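Asker: Below: one structure in C-alpha cells.
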Amino acid sequence: MDSQSPLPAEDFRLLFEATPSPLLILRPDCAFTIAAASDAYLKETLTVREEIIGKGVFDVFPDNPAVPEAGATTNLRASLATVVATKKPHVMAIQRYDVPNRTEGGFEFRYWSPVNAPVLAADGRLLYIVHRVENVTAYVHSLEANEALRERSRLLQEELSKSEAQVFRHGEALSATTLALQKATEEADAWRLGEEKFRLITDALPHIVWTARPDGYVDYYNQHFCDFAGASPPSADGAEWEHFVHPEDLDSVKTAWNHSVATGDPYETVFRVRHHSGTYRWTLARAVAVRDNDAAIVKWIGSNTDIHEKVLAEHELREAHRRKDDFLAMLAHELRNPLAPIVAGAEMLSMLLSEDARVLQVSDVIRRQIGHMKSLIDGLLDVSRVTRGLISLDKRILDIHQIVHESVEQVRPLIEAHKHRLTLQLAADVLCVCGDHKRLVQLLSNLLNNAAKYTADGGRLNLTTKASPTEVIVSVEDNGIGMTPELLRTAFDLFQQGGRTAVRAEDGLGIGLALVKSLVEQHEGTVSASSKGTGQGSEFIVRFPRVDGEPADVIVDERKPARGEARSRRVLVVDDNVDVADSLGMVLEVLGNAVVVEHEAQSAIKRAQREPFDVFILDIGLPGMNGYELARELRALSGAEDAIFVAYTGYGQEEDRRLSDEAGFAHHLVKPVGIIELQQVLADHGD
3 MDSQSPLPAE
13 DFRLLFEATP
23 SPLLILRPDC
33 AFTIAAASDA
43 YLKETLTVRE
53 EIIGKGVFDV
63 FPDNPAVPEA
73 GATTNLRASL
83 ATVVATKKPH
93 VMAIQRYDVP
103 NRTEGGFEFR
113 YWSPVNAPVL
123 AADGRLLYIV
133 HRVENVTAYV
143 HSLEANEALR
153 ERSRLLQEEL
163 SKSEAQVFRH
173 GEALSATTLA
183 LQKATEEADA
193 WRLGEEKFRL
203 ITDALPHIVW
213 TARPDGYVDY
223 YNQHFCDFAG
233 ASPPSADGAE
243 WEHFVHPEDL
253 DSVKTAWNHS
263 VATGDPYETV
273 FRVRHHSGTY
283 RWTLARAVAV
293 RDNDAAIVKW
303 IGSNTDIHEK
313 VLAEHELREA
323 HRRKDDFLAM
333 LAHELRNPLA
343 PIVAGAEMLS
353 MLLSEDARVL
363 QVSDVIRRQI
373 GHMKSLIDGL
383 LDVSRVTRGL
393 ISLDKRILDI
403 HQIVHESVEQ
413 VRPLIEAHKH
423 RLTLQLAADV
433 LCVCGDHKRL
443 VQLLSNLLNN
453 AAKYTADGGR
463 LNLTTKASPT
473 EVIVSVEDNG
483 IGMTPELLRT
493 AFDLFQQGGR
503 TAVRAEDGLG
513 IGLALVKSLV
523 EQHEGTVSAS
533 SKGTGQGSEF
543 IVRFPRVDGE
553 PADVIVDERK
563 PARGEARSRR
573 VLVVDDNVDV
583 ADSLGMVLEV
593 LGNAVVVEHE
603 AQSAIKRAQR
613 EPFDVFILDI
623 GLPGMNGYEL
633 ARELRALSGA
643 EDAIFVAYTG
653 YGQEEDRRLS
663 DEAGFAHHLV
673 KPVGIIELQQ
683 VLADHGD
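Throughout the sequence shown, residue numbering follows this note's numbering, covering 3 to 689 in sequence.
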C-alpha cells in the first residue's frame, strides 16, 4: 500500500474499536442513535456491540428506576442537545448513571465523567457526536469513604468524652470503648492513607488545587497555592481565599461561586489572584461537584490555572487591533483628502472641455483610477471591521438570484474587459436567504472579481445556484490559473495573494477572500475553495441557511444624474484643506450654484451670520471646532432652520455616519465624491 494513501474505512473501524478509551459514536437525530462503540466502552457498560448498534442511546441505557432522582438520562439528553445547538464540546459533571446487568438482571451502579464532542463536516454540518466516558466509581467511593471516616472520627471523640466518666465505675465500659477505639483507629489510619495519597498527587500538580464542603466552605489547598500566594500551609480556613482575590473581581467571583454551590452547576470563572510578589495574576478557576448515591453533593473539587500571560497576550492583541483600526481610519482620511480635488479636476475637465475627445478620455481615466483607489481604501477599512465583527447587518429575507444579478452587474466591466464568457446556471425555484443586501452583493462580487482576475483573457466563468431542504448553495467556478494545495490552505487568510503572474494584471491587497469568509460566517454560512492544481481553475462554494418567506423588496440606488434644470442654490463650503474646498466650490459653481468657500469654522459662522445659505457642505475634521459642532452652531442661526447640511469627509465608518446623523446632517459624503453624487444630493431636496 502507498505510504501516502489514506487508511481504508475498514482499518479506521478496527482502529476505533480497539482504542483504549470508552467511546460511543451517536447520530445527531432525535433518538441519538448509536452508530459505533469501542471495545473499551462495551466492557465498561456490560454491553454487546450487535445489541446496541442502531438503537437510541436512551433505549439501551434507561434510568435506574430505583434511583430516578439521579436524573442521568435528563442530564445526558441536555448535554447532547447543547452539542447539537452549539456545535461545540460539552463537559458534564460527574454523573450517577447505572448500567443494566443483562445476565443477572437489575442494575450495577456506576459513576461517570462524560464529555460529548461534535464531529463536523468541512462545511460545518454536524455529522456525529463522540460520547466519551471515564468510569470514576472507585474515585467517588473513596471520597464518600473519606467523608464517612471523618464522621466516625467525630463520633469517636464524642464517645471518648462520654466514656471517661464511666471507666472507673464500670469496667466493662472500658473494654467496649477500647474495642471501639481500636476499630476507629484502624479506620482513621485508612482515611489518613487516602488523604495523604490525594495530597501527594495534588501537590505534584502545577496548578492550585482545592476542595470545599457542600456548603462552599473551602477546606483544603494544595502546596502550589501556598507557594503561589505565600500562604502558610495550615492557614486555609474556608474564607481565606477571599483575601487573595483582586478587590475588583471579588464580588463577581463570590456571585459565581455561590450560584454553583446553590445549584450544583459546574463553577468556572476568570479572576486575578495575588501572587507572593505582591502583583496580581489572572487565573482560570474551575470546580465540579462530587455526588453520593443519592445525588447529594458531598464535596467540591476545584483548581486555578495561571493564565496571566494568555490574558495579557489577548489584551495586547486587542490593543494592536484597535491601533490598527485607528491607523487605517486615519490613513483612509489622509488618502481621501488628496483624491477629492483630483476627482473635482477630472469632472471640471469633462464639463468645460466636453468637445475635446482627448480631454474626455483623460478625464475618464482619472475617474476610473480614483475609483479603484477608493475601492482599495474601502476594502482595507471593511476587512478590519468585518473580521472583528464590528459591522451591523441589516438582515432581511432576500432572493439569492437578485443578489447574483446585482453582483454580476458590478463586476461586468472587468469581465468584459478580459473578454471572459460568464454562464449563469440558476435554480428554477426562488431561493431565499436571510442576510444583509449590501454585504451579500459585496461577497459574491468579490468572488466573481477574484475569478475574473485570475483567469486568462477569453476564459470561462460559471456561477451556479442550487439548494437542499436546508441550504442555498452558490458556486463560482473558473478555468483560470488554479491553486496549489499550499495556497488552498491559506486562501482565506488576510493579505494572502496568489502570486504575480502574467495572467494577473490587477494586483490587490489580498483581502478579498478574507472579507468573503468573514461575511459568510456572519450570515451563519460556510465557504470553501477547491482546485485540481496549477492551471486547472478554481471553484468557490458558499452555503447559506435556507429560509422560507417572501423576499423583501430591495431598492437599488443607481446614482443617475438628476434630470431637468437644477435650481440654483446658495452653498457654503467649509474645509481646512484649501485645494479640496476650492475644487469642490468650482464644481458646484459649474453646476449653476452660488458658492462661498471658507477654511475655518469661525469664519464660516461669521459669514453665515451676514448672509443666508440653502446648503452647508462641511468637513468633519476641522481644527478647533469639528464639523459636528459647527453644524449645531450654524443650525441655531436665524434663517438656517430649513438649510440642508451635508457632511463632506474622509471618515466613512458606521460610527462616523451615526455621529453625522445625530448632528443633523441630511447626507454623509465620503471623499472623493463625483458629480453624479453631488447632483443627486442636491436634487433630493426640491424647492
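Idealized CB from N, CA, C, for every residue including glycine. Given the structure is predicted, the values throughout are model-derived calculations rather than measurements.
Three Cβ pairs or more, each shorter than 8 Å: is that satisfied between the stretch 483-490 and the stretch 431-451?
Answerer: no
Asker: Checking the sheet assignment: what are the DSSP bridge partners for Trp114?
Answerer: Gln97 and Asn137
Asker: Give me, in chain order, the residues of the same chain whose beta-carbon lies closer than 7 Å to that of Arg283; leave out the 5 immediate sequence neighbours on both sides.
Answerer: Arg274, Val275, His277, Asp308 and His310
Asker: Would Gly280 be called buried (16 or more neighbouring beta carbons within 10 Å of its own) or exposed?
Answerer: exposed
Asker: Does Lys301 come out as helix, strand or coil in the three-state DSSP assignment?
Answerer: strand
Asker: Taking Val476 as the reference, which of His403, Ala454 and Gln412 has the closest Cα?
Answerer: In terms of CA proximity to Val476, His403 leads the group His403, Ala454 and Gln412.
Asker: Relative to the C-alpha of Ala419, which candidate in Glu318, Leu449, Ala458 and Glu408 has its C-alpha closest?
Answerer: Ala458
Asker: Considering only DSSP beta bridges, list what Val275 is partnered with.
Answerer: Partner(s): Val247 and Arg283.
Asker: Taking the beta strand (DSSP E) that Arg545 belongs to, which residues open and close that run?
Answerer: Ser540 to Pro547
Asker: Compare the Cα-Cα distances from Pro415 to each of Leu450, Cys32, Leu490 and Gly527 and report the closest residue.
Answerer: Leu450
Asker: Cutting at 6 Å between CB atoms, please list the residues of its own chain near Gly566, excluding the five before and the five after it.
Answerer: With a pLDDT of 43 at Gly566, under the threshold of 50, the modelled position of that residue is not reliable, and no figure is offered here.
Asker: Would you report the Cα separation of Arg288 and Arg127, rounded to the nearest angstrom?
Answerer: 30 Å
Asker: What three-state label does DSSP hand Arg15 in the structure shown?
Answerer: helix
Asker: Can you grab the Cα-Cα spacing for the pair Thr21 / Ala37, in whole Å?
Answerer: When the Cα atoms are used, Thr21 and Ala37 turn out to be separated by approximately 16 Å.
Asker: Identify whether Pro120 lies in helix, strand or coil by the three-state DSSP scheme.
Answerer: The three-state reading of DSSP puts Pro120 in strand, counting E and B together.
Asker: Could you work out which residue in Val522, Val255, Asp616 and Gly652 is closest to Ala668 when comparing CA atoms only?
Answerer: Asp616
Asker: On the DSSP bridge assignment, give the partners of Gln427 in chain order.
Answerer: Thr466
Asker: How would you write the range of the beta strand (DSSP E) that Tyr630 sits in, first residue to last?
Answerer: Here Tyr630 belongs to no beta strand (DSSP E); instead the alpha helix (DSSP H) covers Gly629 to Arg637.
Asker: Determine the contact status of Ala231 and Phe246, defining contact as a CB-CB distance below 8 Å.
Answerer: yes
Asker: Quick check: the Cα distance between His209 and Glu270, rounded to an integer number of angstroms?
Answerer: 15 Å
Asker: Where does Leu671 sit, in a helix, a strand or coil, going by DSSP?
Answerer: strand
Asker: Using three-state DSSP, classify His601 as helix, strand or coil.
Answerer: Residue state, collapsed to three classes: coil.
Asker: Count the other CB atoms within 10 Å of the CB of Cys32; is the residue buried (16 or more) or exposed (fewer)?
Answerer: Counting the other Cβ atoms within 10 Å of the Cβ of Cys32 gives fewer than 16, which makes it exposed.
Asker: Going by DSSP in three states, Asn448 sits in which element: helix, strand or coil?
Answerer: helix
Asker: State the Cα-Cα distance for the pair Ser640 and Asp578, rounded to the nearest angstrom.
Answerer: 25 Å
Asker: Which residues share a DSSP beta bridge with His92?
Answerer: Asn118
Asker: In the structure shown, what three-state DSSP assignment does Asn306 receive?
Answerer: strand
Asker: Rounded to the nearest angstrom, how far is the Cβ of Cys434 from that of Arg612, given a contact under 8 Å?
Answerer: Not really, about 57 Å apart at Cβ, beyond 8 Å.
Asker: Check whether the stretch 42-52 touches the stretch 24-31, taking contact to mean three or more Cβ pairs, one atom from each stretch, closer than 8 Å.
Answerer: yes
Asker: Roughly how many angstroms separate the alpha carbons of Pro2 and Glu408, rounded to a whole number?
Answerer: No information on residue 2 is available, as it lies outside the stretch 3 to 689 that the chain covers here.
Asker: Figure out for me which residue from Leu465, Asn448, Ser540 and Tyr130 has the closest Cα to the Cα of Leu426.
Answerer: Across the set Leu465, Asn448, Ser540 and Tyr130, the C-alpha of Leu465 shows the shortest separation from the C-alpha of Leu426.
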